[in-house]
Amino acid sequence: MPVQGYNQTDALERLNERENSRPRIAVHKFSSCDGCQLAFINAGEALLDLAQQVDIVHFAEAGPMDPEAAVDIAFVEGSISTPDEALRIGQVRANSRFLVSLGACATSGGLQALRNFNADGARGWTSATYAQPEFIDSLDTATPVAEHVRVDLELWGCPVNARQVFQAIRQLLFGVAPVVDRDKLCVECKRQQHVCVLVAKGEPCMGPVTHTGCGALCPAFGRDCYACFGPAENPNTAALARRFEGLGLLPEAVARRFHFINSHAPAFRTEWLAWKERS
Amino acid sequence: MDSHRGLPLIGMEPSAFFLPRESLDALFDAIRGQGYARVLGPMERNGAITYTAITAASELPRGLRDRQGPGHYRLEPGSGERCFSWANGPQALKPLTFAPRETLWRCALDDSGRLTFLDTDAVPERTAVIGVRACDLAAMRIQEQHFLKPPHPDAHFAARRERLFLVAVHCSHPADTCFCASTGDGPRAETGHDLAMSELDYGFILTAGTDRGQAVLAELRLAPAAPDDRAQADAEIEKAARAQTRGLPSRDLKEALYARLEHPHWDQVGRRCLSCGNCTAVCPTCFCHAEMDEPALAGDSSEHLRQWDSCFTAVHSYMGHFLVREETRLRYRQWLTHKLASWHEQYGRSGCVGCGRCIAWCPVGIDITAEVSALLESGDAQS
């Protein structure tokens, strides 16, 4: 995708001419809650190991500030939700050799993408919430980074799993393409031998259509998955939705299962629309 | 390989002894006395019977009953003293021998920059399991065929299997999803156990399956079981077989299934199937796994891991830049035809032991016995 007003070749030349050959990393924030950046920071010792391997040149949440720096790997947290962000993402792309979308907002639009289903975007909500909504300058949609610029790797999750992030960095440092496990959550849930909450409790668990990566956190505590990692590969959302109806959920409740953190992801969007029409 | 495992008692009618219900703790103690400090028993956990560390007989699920159906599992309180009046929960022996996730080896750069490879040195704990069912013992034999086959037996599987002491309970209360009688794998535990028990209202009838089991019995100094009690126990096992309503045809289904590889029913199942892999994870014979490397962030060491995988995942059929089984119908077909057809070529029998777990723990309740019937009933139509 062409990036208007920015020249990626310049950035790559700047990278190649640097004296220090250590890889450079940036973490950029767009519309988000900062939770994925916190997942980075909370990695603790691994973060110190990382600092031995790379130069972290921009990471506002952690301290370093150089948003215009040319980098080898740019992590982008957050969705594109404002006119300014729509411009800024082009600059980030131009300045980066490898761009990774970090978490649900950057990868699918996130929770704020619920506005995409409103005729007037977020305007109805902002005027109901804020005394002076005219100060808010939002786009009518909150969209994933990949709808604006080329994304080289998508890391899902709300928030992302730090282990997954660091594995991806390690693989990039070795010069190989990172592999992301896109299996259903059930595969990991069963490895951990949690009792299935759908079968044993009749809970409308989203695990059978959800991208693995969280470590089956919710089922570990006896609750149903709510798909914060988005759709898995080959998700049979229609069959799972029919099963939810069989468990006693009304069509509107079935629709809502797909209309949450990753509502803008095509597989969930389609299923939401199908059940919304029936409710 | 050190021989922790008991030697089977062959060619003799095992002597049956009676253990009064109030002496069940003595059995636990005797097993611990044989060096099995870790004893696992059936306990209720998060709404299911799971094998969990147990210290006393009072922790067993007394009176508890189960209700199982396609995509459905519930426990219900019941009356009476019996502790084994239920059919299998989601897992039993498989995770104890074929670990869901484990490190197979490590490697690290030494000071001269050369790679050195290191074994994992973990020695598994000697473990006794109380309440194992016939279907799971049959499944363990199949997994032994797979993992311990010469000339390269799997050392990790072998070490764990060698250190298991298995106390079987003959099944008296099959679930609606059970069909071990039709596959010939239950409800009576025939092989693979060190001890076998039948539960009666007031106690247990015990027989030894190995010399190690016999050593436990000798220590307990039990009276022989009364003929009436033995007859009662046998009658309950026979009743458990007759109570089963599901079944698979006992014949080799290889030709019948291979003749139907393009049958439209696979599409029909493919529309219902979530390709979530739950059936393969709970199946006590499924052994597919994935191996991967997890390098440390510093880049100077790495772990080589093995974890449960499933023929229902995309990556499982990845071959040089394409997926052999992209569509769900092909993944289901792969599972069913391996389990019931090509398994015969590999291991001389079907890969199904009739435990019914894939029926109960399928989130959408797909029933292997019903799918096989639907495929076979409709002749060998190809369109």
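Sequence lines, in order, name chains R and H. For reference, each letter of the first sequence is one residue, going 0 to 278 in numbering that gives the first Met the number 0. For reference, each letter of the second sequence is one residue, going 0 to 382 in numbering that gives the first Met the number 0. We put the beta carbon where it would ideally sit given N, CA and C, even for glycine.
In this structure H/Val352 is not in contact with H/Cys170, their Cβ atoms being roughly 12 Å apart against a cut-off of 8 Å.
For the C-beta of R/Cys185, the chain H residues within less than 7 Å are, from N- to C-terminus, Cys275, Gly276 and Asn277. Less than 8 Å separates the beta-carbon of H/Arg132 from that of H/Gly185.
The C-beta distance from H/Leu322 to R/Pro207 rounds to 19 Å, too long to meet the 8 Å contact threshold. Rounded to the nearest whole angstrom, the C-alpha separation of R/Ser137 and R/Ser30 is 10 Å. Check the Cα spacing between H/Ala127 and each of H/Arg330, H/Arg37, H/Pro99 and H/Leu260: the tightest is with H/Arg37. The three-state secondary structure of R/Thr106, taken from DSSP, is helix. Residues of chain H whose Cβ lies closer than 7 Å to the Cβ of R/Val198 are, in chain order, Gly70, His71, Tyr72, Ala359, Trp360 and Pro362. Here H/Cys278 carries a helix assignment [DSSP, helix/strand/coil].
The region 62–70 of chain R makes no contact with the region 118–132 of chain R, as fewer than three CB pairs between them are under 8 Å. Going by DSSP, H/Gly79 is part of no beta strand (DSSP E) at all; its letter is neither H nor E.
In this structure, DSSP gives H/Met196 an extended state, which the three-state scheme calls strand. H/Gln333 is outside the set of residues whose beta carbon lies under 8 Å from a beta carbon in chain R. Chain order gives the chain H residues near R/Asn233 as Ser274, Ala313 and Thr327, where near means a beta carbon separation below 7 Å.
Assignment of H/Arg113 by DSSP, reduced to helix, strand and coil, places it in the coil class.
Beta-bridge annotation (DSSP): H/Phe311 is not paired with any residue. Take the alpha-carbon of R/Leu249 and the one of R/Arg256: they are about 11 Å apart. The C-beta separation of H/Arg245 from H/Thr176 comes to about 7 Å, placing the pair in contact by the 8 Å criterion. Between R/Asp48 and R/His57, the gap from beta carbon to beta carbon reaches 8 Å or more. Secondary structure in the region 48–114 of chain R: the beta strand (DSSP E) runs of 3 residues or longer, each lying completely within the stretch, are 54–58, 70–76 and 95–101 in chain order. Following the DSSP letters along the chain, one finds H/Glu101 inside the beta strand (DSSP E) bounded by residues Arg100 to Leu108. Relative to the Cα of R/Cys217, the nearest Cα in the group R/Val196, R/Asn233 and R/Glu232 belongs to R/Val196.
In the structure shown, the three-state DSSP call for R/Glu270 is helix. DSSP lists R/His210 as the beta-bridge partner residues of R/Lys183. Taking a C-beta cut-off of 9 Å against chain R, the contacting residues of the region 292–303 of chain H are Glu293, Pro294, Ala295, Leu296, Ala297 and Gly298, listed in chain order. One Cα belongs to H/Gly276, the other to H/Met196, and the distance between them is close to 33 Å. Only buried fits H/Gln90, as 16 or more other CB atoms lie within 10 angstroms of its CB.
H/Val215 is a Cβ neighbour of H/Ile30, given a cutoff of 8 Å.
A direct Cα-Cα distance of roughly 11 Å separates H/Thr119 from H/Ala154. Taking C-beta separations shorter than 7 Å and ignoring five residues to either side along the sequence, the partners of R/Arg13 in its chain run Ala69, following chain order.
For the region 95–121 of chain R, the set of residues with a beta-carbon nearer than 7 Å to any beta-carbon of chain H is empty. For H/Val363 and R/Arg242, the gap between their C-alpha atoms comes out near 6 Å.
Distance from the Cα of H/Asp299 is smallest, within the candidate group H/Asp110, H/Arg270 and H/Arg305, for H/Asp110.
H/Phe17: not part of any alpha helix (DSSP H); member of the beta strand (DSSP E) spanning Phe16 to Pro19, first to last residue. Looking at R/Ala238, R/Thr81 and R/Gln191, the one whose alpha-carbon comes closest to that of R/Lys28 is R/Thr81.
Below 8 Å, too few C-beta pairs join the region 164–171 of chain R and the region 50–64 of chain H to call them touching: fewer than three.
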